[in-house]
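Chains as they are written, first to last, in my numbering: chain S, 1 to 132; chain Z, 1001 to 1132; chain H, 2001 to 2132. C-beta: ideal position from N, C-alpha, C; glycine also.
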Amino acid sequence: MATTAMPMANIAKDTDMSSIQRFDVGPRLSEMAVHNGVCYLAGQVAADGSQDITGQTQQVLAAIDALLARAGSSKHKLLRVEIILKDLADFPAMNAVWEAWLPAGCAPPRATIQANLAKPEWRVEMVVTAAL
Amino acid sequence: MATTAMPMANIAKDTDMSSIQRFDVGPRLSEMAVHNGVCYLAGQVAADGSQDITGQTQQVLAAIDALLARAGSSKHKLLRVEIILKDLADFPAMNAVWEAWLPAGCAPPRATIQANLAKPEWRVEMVVTAAL
Amino acid sequence: MATTAMPMANIAKDTDMSSIQRFDVGPRLSEMAVHNGVCYLAGQVAADGSQDITGQTQQVLAAIDALLARAGSSKHKLLRVEIILKDLADFPAMNAVWEAWLPAGCAPPRATIQANLAKPEWRVEMVVTAAL
């Protein structure tokens, strides 16, 4: 897009398609989109679904750390995390890993529900929104 | 809209209530709100719930296309899509319609869960966030 | 952070960790984060889970009102509300309280699903995104 030197040109650019930065784009989904200072992550699940809730939560949080780092963000800047558990009996063990991972003073708004996930072995999925 | 030449006037307007644009406002919900360059869509479901997952997914995606177009956005600018399936057995058929619909290089972050929806005939609901 | 009088200092601040304002921060979660003109609330549930769906919905909406007021926002500025019901039979009673609460012309985009919540007595949870 041709732009001028006027400030309005920068504002217009914010509504341009090129203002969305995508990470790991595939035919079905990408892992993260960054737009206007906000990171929208895909629901993160365990790469190794054979692990128990502790291991799966650790994997999910490590995946979140890695994605946020690529965008220049971090777990200090979480805006909201929606957590889906396959089994609510896993709630305490998931929370233990979660609380150990969180930096002091940075706990984000959360919402947790129980639902089945796309693969039967997945016990936890986290959907993260974070600031850049 | 009448505007002045002062940049601050535009910035202040962004935190004003009038900066939210709503579409199809009813007593219970509206179908879309646009604020600060981001489109928040209501969960889209099939108008004709008698169709199978392929037909319902096509209806949902057409509804998303139509709403985004009214805001001046499009499926090229999706920031995240949360998908709720009534039955995970519908996952492959939903994905086939989804992938055929997506423009190359524009796949957004996604999260998919299994849950019952407000009407028993609904097999899929999609909750879209998109850039303007 | 030391800043200069240059406009760029304000822009940079928007991507600084301090640009996130958190409310009721605990070791596990906070109740609200405000960033870049948007309020992200934690999933709100009833403090008194012994009440029926009408009472629980009233409690949830009062909690939302209180949080939004602390940020300087209100139910006039909702951008999207995601509703989780433990039992879809509660849908009409929840909607009656919801519609009585909403100001005319301000109904936000919604999505409703059925899922179990973190405590068995909770019948409804609402996840709110609002403009400042």
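With residue i as the anchor, note down where its beta strand (DSSP E) starts and where it stops.
i               : result
V25 of chain S  : Careful: V25 of chain S lies outside any beta strand (DSSP E) and carries neither H nor E.
E121 of chain S : E121 of chain S -> no beta strand (DSSP E), and no H or E assigned at all.
L85 of chain S  : 78–85
Q44 of chain S  : Where Q44 of chain S is concerned, there is no enclosing beta strand (DSSP E), given that its DSSP letter is neither H nor E.
According to DSSP, residue i sits in a beta bridge with which residue or residues?
i                : result
A1131 of chain Z : Z:V1038
T2112 of chain H : H:I2083
M2094 of chain H : Beta-bridge pairing links M2094 of chain H to no other residue.
A2033 of chain H : H:R2022, H:Y2040
Using only the heavy atoms of the ligand MG, determine whether one of them is closer than 6 Å to the beta carbon of residue i.
i              : result
Q44 of chain S : For the structure depicted, the ligand MG is absent and the ligand set is empty, with no information on it obtainable.
Cβ closer than 7 Å: which chain H residues qualify as neighbours of residue i?
i              : result
R70 of chain S : None at all; the shortest Cβ gap to chain H is about 15 Å.
Kindly indicate which residue of the options has the alpha-carbon position closest to the one of residue i.
i                : options                            : result
R1111 of chain Z : S:V128, S:R22, S:W101              : Residue identity differs from the one stated: residue 1111 of chain Z is Ala in this sequence, not Arg. When only C-alpha atoms are compared, the closest one is S:V128.
Y40 of chain S   : Z:E1121, Z:Q1044, Z:A1107          : Z:A1107
V34 of chain S   : S:F23, S:L117, S:L79, S:R28        : S:F23
E2031 of chain H : S:R80, S:G49, S:V45, S:K75         : S:R80
A2042 of chain H : H:S2050, H:T2054, H:G2049, H:L2029 : H:L2029
F91 of chain S   : H:L2117, H:A2096, H:K2077, H:A2093 : H:L2117
H76 of chain S   : S:A47, S:A93, S:A104               : S:A104
Q1051 of chain Z : Z:A1131, Z:W1122, Z:M1126          : Z:W1122
W1062 of chain Z : Z:M1094, Z:A1046, Z:L1132          : Just to set this straight, residue 1062 of chain Z is Ala in the shown sequence, not Trp. The shortest Cα separation from A1062 of chain Z among Z:M1094, Z:A1046, Z:L1132 belongs to Z:A1046.
E1082 of chain Z : Z:A1071, Z:A1066, Z:P1120, Z:V1060 : Z:V1060
L1088 of chain Z : S:D87, S:A66, S:V97, S:P120        : S:P120
T2057 of chain H : H:D2065, H:E2099, H:M2094, H:L2102 : H:M2094
V1124 of chain Z : Z:S1019, Z:V1025, Z:Q1044          : Z:Q1044
W1098 of chain Z : Z:G1049, Z:M1126, Z:S1073, Z:V1038 : Z:M1126
I1084 of chain Z : Z:D1065, Z:L1078, Z:A1115, Z:A1100 : Z:A1115
N2036 of chain H : H:S2019, H:L2067, H:V2025, H:G2072 : H:S2019
V1038 of chain Z : Z:V1025, Z:D1048, Z:G1026, Z:L1068 : Z:L1068
W1101 of chain Z : Z:Q1021, Z:D1065, Z:G1026, Z:G1072 : Z:D1065
A130 of chain S  : S:A71, S:A96, S:I53, S:L78         : S:L78
I1113 of chain Z : S:P27, S:L132, S:K86               : S:K86
Could you tell me which chain S residues have their CB closer than 9 Å to the CB of residue i, listed as they occur along the chain?
i                : result
S2074 of chain H : Within 9 Å Cβ-Cβ: nothing; S2074 of chain H doesn't reach chain S, min ~18 Å.
Got a sec, what are the start and stop residues for the alpha helix (DSSP H) residue i sits in?
i                : result
D2052 of chain H : Element bounds for D2052 of chain H: n/a, residue is neither H nor E.
P1103 of chain Z : It is not in any alpha helix (DSSP H) - P1103 of chain Z carries neither H nor E in the DSSP assignment.
Show which residues of chain S have a CB atom less than 8 Å away from the CB atom of residue i.
i                : result
T1129 of chain Z : Y40
Which bits of chain H does residue i rub up against, with CB to CB less than 9 Å?
i                : result
R1028 of chain Z : N2095, W2098, E2099, L2102, A2107, R2110
Can you list the residues of chain Z that residue i reaches, using a CB-CB cut of under 7 Å?
i              : result
V25 of chain S : G1105, A1107
Would you verify that the beta carbon of residue i is, or is not, closer than 7 Å to some beta carbon of chain C?
i                : result
K1075 of chain Z : Annotation note: the requested chain C is absent from the structure, which comprises protein chains S, Z and H.
- [ ] Give the residues from the stretch 1107–1123 of chain Z that approach chain S closer than 9 Å (Cβ to any Cβ), ordered along the chain.
- [x] Flagged, chain order: A1107, P1108, P1109, R1110, A1111, T1112, I1113, Q1114, A1115.
Task: Within 8 Å of chain Z by C-beta, residues of the stretch 2083–2099 of chain H in sequence order - done: Within the stretch 2083–2099 of chain H, the residues whose Cβ lies closer than 8 Å to some Cβ of chain Z are L2088, F2091, N2095, W2098, E2099, listed in chain order.
Open item on the list: Along the stretch 30–53 of chain S, where does the CB come closer than 7 Å to a CB of chain Z? Name the residues.
Closed with: For the stretch 30–53 of chain S, residues whose beta-carbon sits nearer than 7 Å to a beta-carbon of chain Z comprise S30, E31, M32, A33, H35, N36, Y40, L41, A42, G43.
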